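The structure appears below as structure tokens.
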Amino acid sequence: GAVVSQHPSRVICKSGTSVKIECRSLDFQATTMFWYRQFPKQSLMLMATSNEGSKATYEQGVEKDKFLINHASLTLSTLTVTSAHPEDSSFYICSARRPVNYGYTFGSGTRLTVV
Amino acid sequence: AQSVTQLGSHVSVSEGALVLLRCNYSSSVPPYLFWYVQYPNQGLQLLLKYTSAATLVKGINGFEAEFKKSETSFHLTKPSAHMSDAAEYFCAVSEGSAGNMLTFGGGTRLMVKP
Numbered sequence: 014g015a016v017v018s019q020h021p022s023r024v025i026c027k028s029g030t031s032v033k034i035e036c037r038s039l040d041f042q043a044t045t046m047f048w049y050r051q052f053p054k055q056s057l058m059l060m061a062t063s064n065e066g067s068k069a070t071y072e073q074g075v076e077k078d079k080f081l082i083n084h085a086s087l088t089l090s091t092l093t094v095t096s097a098h099p100e101d102s103s104f105y106i107c108s109a110r111r112p113v114n115y116g117y118t119f120g121s122g123t124r125l126t127v128v
Numbered sequence: 003a004q005s006v007t008q009l010g011s012h013v014s015v016s017e018g019a020l021v022l023l024r025c026n027y028s029s030s031v032p033p034y035l036f037w038y039v040q041y042p043n044q045g046l047q048l049l050l051k052y053t054s055a056a057t058l059v060k061g062i063n064g065f066e067a068e069f070k071k072s073e074t075s076f077h078l079t080k081p082s083a084h085m086s087d088a089a090e091y092f093c094a095v096s097e098g099s100a101g102n103m104l105t106f107g108g109g110t111r112l113m114v115k116p
């Protein structure tokens, strides 16, 4: 139980295009999901907290117009990287907070490469 | 504010040797503490968590960790390393509740030599 599916696992896109990453909780409802960014050989950096039915809360220094987050249902949050540039290349990971006993389940991550 | 420090970004052990990964935390309220493992190009998998119950916590894959309030530590150990343990390990803390925001340490890469 408590599975989070993240797609795609890898994506390569051209500079200037937009990329959407999906994070789904498969067997539980997640009112809160989190999006992280991880640079090579570094830790996870929280980008934003996504709450179902309301606007996401972005961490300081994260451009909300560039990293659009939508949490339209209790099982789906999406992160759209708009007008992607090579410096946006990174590993993006989502996590969902479980409603019972809390705790977090992480997605398997998305490797984004912008060329 | 909460923070986590993992001492040693790289740890190398021989197969069969003791694994010790260090984690110290800072928290203004009783902390909830977690250890996660990450394999290349994958998400994070929970190894174990401390939620104010027993101070010695046993997790998956033979790992355990001991919460020491006086030392503000939550070190991860395993008596005998396997090659399959080679991965990145992250210590994390959340304040006041297991459901509050996680703050991660910098991570420790564990290498296991044959």
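Protein chains in written order, with the numbering used here: chain A, 14 to 128; chain B, 3 to 116.
Every residue, glycine too, gets a C-beta built ideally from N, C-alpha and C.
Just so you know, these numbers come straight off a predicted model, no measurement behind them.
N63 (chain B), DSSP secondary structure in three states
Within the second sequence, residue 63 (chain B) is the residue found at index 61, counting from 1. Assignment of N63 (chain B) by DSSP, reduced to helix, strand and coil, places it in the helix class.
What span of residues does the beta strand (DSSP E) with I115 (chain B) cover, start to end?
Counted from its first residue, the second sequence places residue 115 (chain B) at position 113. First, the residue type needs correcting, since residue 115 (chain B) is Lys and not Ile in the sequence shown. Element bounds for K115 (chain B): 110-115.
At least 3 beta-carbon pairs within less than 8 Å: the region 97-114 of chain A vs the region 21-33 of chain A
The region 97-114 of chain A vs the region 21-33 of chain A: in contact.
CB Y34 (chain B) to CB K51 (chain B), shorter than 8 Å?
Translated into the one-based positions of the second sequence, residue 34 (chain B) becomes position 32. Translated into the one-based positions of the second sequence, residue 51 (chain B) becomes position 49. By the CB criterion at 8 Å, Y34 (chain B) and K51 (chain B) fall inside the cutoff.
Between the Cα of F65 (chain B) and the Cα atoms of B:G107, B:V21, B:C93, which residue gives the shortest distance?
Counting from one through the second sequence, the residue named residue 65 (chain B) turns up at place 63. That would be B:V21, whose Cα lies nearest to the Cα of F65 (chain B).
So is L46 (chain B) in contact with chain A if we call contact Cβ pairs under 8 Å?
Position 44 of the second sequence, counted from the first residue, corresponds to residue 46 (chain B). Yes - at least one Cβ of chain A is within 8 Å of the one on L46 (chain B).
Can you have a look at G116 (chain A) and say buried or exposed, based on whether 16 or more other CB atoms are within 10 angstroms of its CB?
In the first sequence, residue 116 (chain A) corresponds to position 103, counting from 1. Counting of Cβ neighbours within 10 angstroms places G116 (chain A) among the buried residues, the total reaching 16 or more.
Can you name the residues of chain A whose CB is closer than 7 Å to the CB of N63 (chain B)?
As a working mapping, residue 63 (chain B) is identified with position 61 in the second sequence. Neighbours of N63 (chain B) on chain A: none; closest Cβ ~17 Å, over 7 Å.
For the beta strand (DSSP E) holding S96 (chain B), just list the boundary residues, first then last.
Your numbering for residue 96 (chain B) matches position 94 in the second sequence. Its beta strand (DSSP E) spans residues 89-97.
For Y71 (chain A), would you say it is in contact with chain B, using Cβ-to-Cβ distances shorter than 8 Å as the test?
Taking the first residue of the first sequence as 1, we reach residue 71 (chain A) at position 58. Y71 (chain A) does not count as touching chain B.
The beta strand (DSSP E) that contains L92 (chain A), what's its start and end?
The residue you call residue 92 (chain A) lines up with position 79 of the first sequence. Element bounds for L92 (chain A): 89-94.
With DSSP as the reference, label P81 (chain B) as helix, strand or coil.
For this step, residue 81 (chain B) is matched to residue 79 along the second sequence. Here P81 (chain B) sits in coil by DSSP.
Opposite E72 (chain A) in the DSSP bridges: which residues?
The residue labelled residue 72 (chain A) in the question sits at position 59 within the first sequence. Looking at the DSSP output, E72 (chain A) shares a beta bridge with no other residue.
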